[in-house]
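Novice: Taken in order, these protein sequences are the chains called L and A. If you count the first sequence from 1, position 15 lands on 15 in the working numbering, and the numbers rise without skipping. Here the working numbering = 1-based position in the second sequence + 108. Even for Gly, the Cβ is constructed at its ideal location relative to N, Cα and C. As the structure is a computational prediction, the values presented were derived from the model and not from experiment.
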Amino acid sequence: MILALYDGTQFGADNFGEALIITLVAMFLVFGILLILYGLISVLKNIKFGNQTILENNQVTDTQQVTNQTVNLDEMDEDMKVAAIVATMDFKAETNEDAKLVSIKKID
Amino acid sequence: MGDVIRSFWESTGLYGFFEGNWKNLIMIIISLVLLFLAIKKKFEPYLLVPIAFGMLLVNLPFSNIMLEPTETEAGGLVYYLYQGVKLGIYPALIFLGIGATTDFGPLIANPKSILLGGAAQLGIFLTFLVAILLPQFNGLEAASIAIIGGADGPTAIFLTNKLAPHLLGAISVAAYSYMALVPVIQPPIMRLMTTPKERAIKMEQLREVSKLEKILFPIVVTLVVLLLVPSCAPLIGCLMLGNLFKESGVVPKLTETASNALLYIVTILLGVSVGATATGDKFLAVETLLIIGLGVIAFSFATFSGLVGGKIMCWATKGKVNPLIGAAGVSAVPMAARVVQKEGQKYDKTNHLLMHAMGPNVAGVIGSAIAAGALLTFFG
Numbered sequence: 001m002i003l004a005l006y007d008g009t010q011f012g013a014d015n016f017g018e019a020l021i022i023t024l025v026a027m028f029l030v031f032g033i034l035l036i037l038y039g040l041i042s043v044l045k046n047i048k049f050g051n052q053t054i055l056e057n058n059q060v061t062d063t064q065q066v067t068n069q070t071v072n073l074d075e076m077d078e079d080m081k082v083a084a085i086v087a088t089m090d091f092k093a094e095t096n097e098d099a100k101l102v103s104i105k106k107i108d
Numbered sequence: 109m110g111d112v113i114r115s116f117w118e119s120t121g122l123y124g125f126f127e128g129n130w131k132n133l134i135m136i137i138i139s140l141v142l143l144f145l146a147i148k149k150k151f152e153p154y155l156l157v158p159i160a161f162g163m164l165l166v167n168l169p170f171s172n173i174m175l176e177p178t179e180t181e182a183g184g185l186v187y188y189l190y191q192g193v194k195l196g197i198y199p200a201l202i203f204l205g206i207g208a209t210t211d212f213g214p215l216i217a218n219p220k221s222i223l224l225g226g227a228a229q230l231g232i233f234l235t236f237l238v239a240i241l242l243p244q245f246n247g248l249e250a251a252s253i254a255i256i257g258g259a260d261g262p263t264a265i266f267l268t269n270k271l272a273p274h275l276l277g278a279i280s281v282a283a284y285s286y287m288a289l290v291p292v293i294q295p296p297i298m299r300l301m302t303t304p305k306e307r308a309i310k311m312e313q314l315r316e317v318s319k320l321e322k323i324l325f326p327i328v329v330t331l332v333v334l335l336l337v338p339s340c341a342p343l344i345g346c347l348m349l350g351n352l353f354k355e356s357g358v359v360p361k362l363t364e365t366a367s368n369a370l371l372y373i374v375t376i377l378l379g380v381s382v383g384a385t386a387t388g389d390k391f392l393a394v395e396t397l398l399i400i401g402l403g404v405i406a407f408s409f410a411t412f413s414g415l416v417g418g419k420i421m422c423w424a425t426k427g428k429v430n431p432l433i434g435a436a437g438v439s440a441v442p443m444a445a446r447v448v449q450k451e452g453q454k455y456d457k458t459n460h461l462l463m464h465a466m467g468p469n470v471a472g473v474i475g476s477a478i479a480a481g482a483l484l485t486f487f488g
């Protein structure tokens, strides 16, 4: 059960001073909570669980694994094909050079 | 024979119009305009079509679609559907679906962007102060109108239903209309607030986010937010539950249901029910015009304050943050982020701001739910 701090039906222009205080407290609350979340999210990346390592380490492993694999176009699923096409188009748009797709690295 | 024809005539809706229900006729015209905007102009069609149709149905004389039940007679169909709004069920279920479709990865990769989601909520509080000065509105109504600045339909419906249910029709129509008008309202403010050089800033590619971070995120947000502002539990709780479904990867069928079937079913029920609250008597009032005017203030100032936040972040990072992404802090996922991407590409075609803007965009959803919870704590 949440108790209201003010009777909203009787709250009007005469209570502008209180409205200002409510505004400041509510803004402080919103920013305060978001700041706490900012701090907590920032430390999330350092948390390791069991055998799981953070992604930077995984990427090295993935790259090593993938470089030894060859995936033919026919074996690719839809997502892989779309990712390859988008990446190639982005490269072409940024560099204005012809692109040749050599390999695709899958990152889980 | 004459009596039969007369009684048939008196049972028709046309007779109702001649008997003083002219306000309903105007509402029918408004609903047709909204249908035109939704279908022809594609303004938020998934919401405006059911809302406008609900509005059309309820304003047809003698349709009795929102009729309350009596001891001897059952109520109208939409009256029963509306109980999901009245009890606060639909907005929460919509948030469940949104959570199941939202990727918080860009926010986790760049956590400081969460502050931009907070900056854009200033529009809510400024509008609250303006609305409270108007003699037409009391504190409950001012808080409900202000939440339009959050640019988040379910949050606006949730709060209005708790504080000022008689304004539900006007506020929800205003909120969704302005959300649909994001591509029209935001770009001029963006250009006014930023220099061409700032708009062309390219941001570093976001780091990849691990699965563990994505799983922990909804749990952390739930614990922190609900321990501090329990009143937003229905919104934040459902948003994060949906996201946990998605990120855990162990309940794919629940994710699929929440993000598709459930989301769309509830959207239909919510839209029709909310539209059906906009009857001529309630909607055609000076207050509605004021709500629509205050909605523009709320939305514009939310964009403005988000951009100010973006500029501060740009300055603090020595030009590494494109201030345009601050405008995406107004929620309206993902349209506000798309507008940022489009605006950025006008100055550099190779500048891809979409993923950078998604961080503040999803943070805006959390921020507006917290703001609603704060207002509910004061007035609920």
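Count the other CB atoms, across all protein chains shown, that sit within 10 Å of the CB of Asp-260 of chain A; report buried if there are 16 or more and exposed otherwise.
Specialist: For the purposes of this step, residue 260 of chain A is identified with residue 152 of the second sequence, where counting begins at 1. Buried: at least 16 other Cβ atoms inside 10 Å.
Novice: Please return the same chain residues whose Cβ sits closer than 8 Å to the Cβ of Gln-65 of chain L, not counting the five positions on each side in sequence.
Specialist: As a working note, residue 65 of chain L is residue 65 in the first sequence. With a pLDDT of only 46 at Gln-65 of chain L, under the threshold of 50, the placement of this residue in the model should not be trusted; the figure read from the coordinates follows. Nothing meets the Cβ criterion.
Novice: At what residue ranges does the stretch 253 to 312 of chain A contain a whole run of the alpha helix (DSSP H), taking only runs of 4 or more?
Specialist: Runs found: 261 to 271, 276 to 288, 290 to 301, 304 to 307.
Novice: For Thr-458 of chain A and chain L, any beta-carbon pair shorter than 7 Å?
Specialist: Within the second sequence, the letter at position 350 stands for residue 458 of chain A. Closer than 7 Å: yes.
Novice: Closest to Ala-215 of chain A by C-alpha separation, out of L:Ala-83, L:Lys-45, L:Ala-13, would be which residue?
Specialist: Stepping through the second sequence from its first residue, residue 215 of chain A is reached at position 107. One point to set straight first is that residue 215 of chain A is Leu, not Ala, in the sequence displayed. For the residues L:Ala-83, L:Lys-45, L:Ala-13, the minimum Cα distance to Leu-215 of chain A belongs to L:Lys-45.
Novice: Please check if any C-beta of chain A sits within less than 7 Å of the C-beta of Gly-17 of chain L.
Specialist: Looking up residue 17 of chain L in the first sequence gives position 17. No, its Cβ sits nowhere closer than 7 Å to a Cβ of chain A.
Novice: Three or more C-beta pairs under 8 Å: does that hold for the stretch 427 to 446 of chain A against the stretch 233 to 245 of chain A?
Specialist: No contact exists between the stretch 427 to 446 of chain A and the stretch 233 to 245 of chain A.
Novice: If we cut at 7 Å on Cβ distances, does Pro-219 of chain A have a partner in chain L?
Specialist: What you label residue 219 of chain A is simply residue 111 of the second sequence in a count that begins at 1. Yes - at least one Cβ of chain L is within 7 Å of the one on Pro-219 of chain A.
Novice: Thinking C-alpha only, which one of A:Asp-456, A:Gly-417, A:Val-337, A:Gly-437 is nearest Ala-4 of chain L?
Specialist: Numbered from its first residue, the first sequence carries residue 4 of chain L at position 4. It is A:Val-337.
Novice: For Glu-306 of chain A, does the count of other Cβ atoms within 10 angstroms reach 16, so buried, or fall short, so exposed?
Specialist: In the second sequence, the residue the question calls residue 306 of chain A occupies position 198. Under this definition Glu-306 of chain A is a buried residue.
Novice: Take every Cβ of the stretch 289 to 306 of chain A, pair it with every Cβ of the stretch 315 to 324 of chain A, and state whether three or more of those distances are shorter than 8 Å.
Specialist: Short answer: they don't touch.
Novice: Is there a Cβ of chain A sitting closer than 7 Å to that of Val-163 of chain L, yes or no?
Specialist: Given that chain L is displayed from residue 1 to residue 108, the structure contains no residue 163 of chain L and the question cannot be resolved.
Novice: In chain A, which residues lie with their C-beta within 8 Å of the C-beta of Glu-94 of chain L?
Specialist: Taking the first sequence and counting its residues from 1, one reaches residue 94 of chain L at position 94. Neighbours of Glu-94 of chain L on chain A, chain order: Thr-458.
Novice: So, helix, strand or coil for Asp-90 of chain L, using DSSP?
Specialist: Indexing the first sequence from 1 puts residue 90 of chain L at position 90. Three-state result, Asp-90 of chain L: helix.
Novice: Going by other Cβ atoms of all chains shown within 10 Å of its Cβ, with 16 needed for buried, is Thr-375 of chain A buried or exposed?
Specialist: Locating residue 375 of chain A in the second sequence gives position 267, where the first residue counts as 1. Flag for Thr-375 of chain A reads buried.
Novice: Return the residues of the stretch 257 to 279 of chain A that lie within a Cβ-Cβ distance of less than 9 Å from chain L, sorted by chain order.
Specialist: Against chain L - using a Cβ distance shorter than 9 Å - the residues of the stretch 257 to 279 of chain A are Leu-271, Ala-272.
Novice: Less than 7 Å between CB atoms is the rule here; does Phe-91 of chain L satisfy it with respect to chain D?
Specialist: You won't find chain D in this structure, because its protein chains are L and A.
Novice: With a floor of 4 residues, list each alpha helix (DSSP H) that falls wholly inside the stretch 435 to 469 of chain A, ordered by position along the chain.
Specialist: With a minimum length of 4 residues, the continuous alpha helix (DSSP H) runs that stay inside the stretch 435 to 469 of chain A are 443 to 453.
Novice: If you measure beta-carbon to beta-carbon, which residues of the stretch 234 to 257 of chain A are closer than 9 Å to chain L?
Specialist: Listed in sequence order: Leu-234, Phe-236, Leu-237, Ile-240, Leu-241, Leu-242, Pro-243, Phe-245, Asn-246, Gly-247, Leu-248, Glu-249, Ala-250, Ala-251.
Novice: Please check if any C-beta of chain L sits within less than 7 Å of the C-beta of Ile-478 of chain A.
Specialist: Residue 478 of chain A sits at position 370 when you count from the first residue of the second sequence. Chain L, which has a Cβ nearer than 7 Å to the Cβ of Ile-478 of chain A, makes this yes.
Novice: Roughly how many whole angstroms lie between the Cα atoms of Thr-53 of chain L and Cys-422 of chain A?
Specialist: As a position in the first sequence, residue 53 of chain L is number 53, starting the count at 1. As a position in the second sequence, residue 422 of chain A is number 314, starting the count at 1. For Thr-53 of chain L, the predicted structure reports a pLDDT of 47, less than 50, and the residue's modelled location is therefore unreliable. A value from the coordinates is still provided. Near 32 Å, if we compare the C-alpha coordinates of Cys-422 of chain A and Thr-53 of chain L.
Novice: Using a Cβ cut-off of 9 Å, which residues of the stretch 302 to 318 of chain A contact any Cβ in chain L, in chain order?
Specialist: Flagged, chain order: Arg-315, Glu-316, Val-317, Ser-318.
Novice: On a Cα-Cα basis, can you pick out the residue from A:Pro-296, A:Phe-266, A:Leu-241, A:Ala-308 that is closest to Glu-18 of chain L?
Specialist: Locating residue 18 of chain L in the first sequence gives position 18, where the first residue counts as 1. Per the Cα distances, A:Leu-241.
Novice: Would Ala-482 of chain A count as contacting chain L if we go by Cβ distances under 7 Å?
Specialist: One-based indexing of the second sequence puts residue 482 of chain A at position 374. Chain L, which has a Cβ nearer than 7 Å to the Cβ of Ala-482 of chain A, makes this yes.
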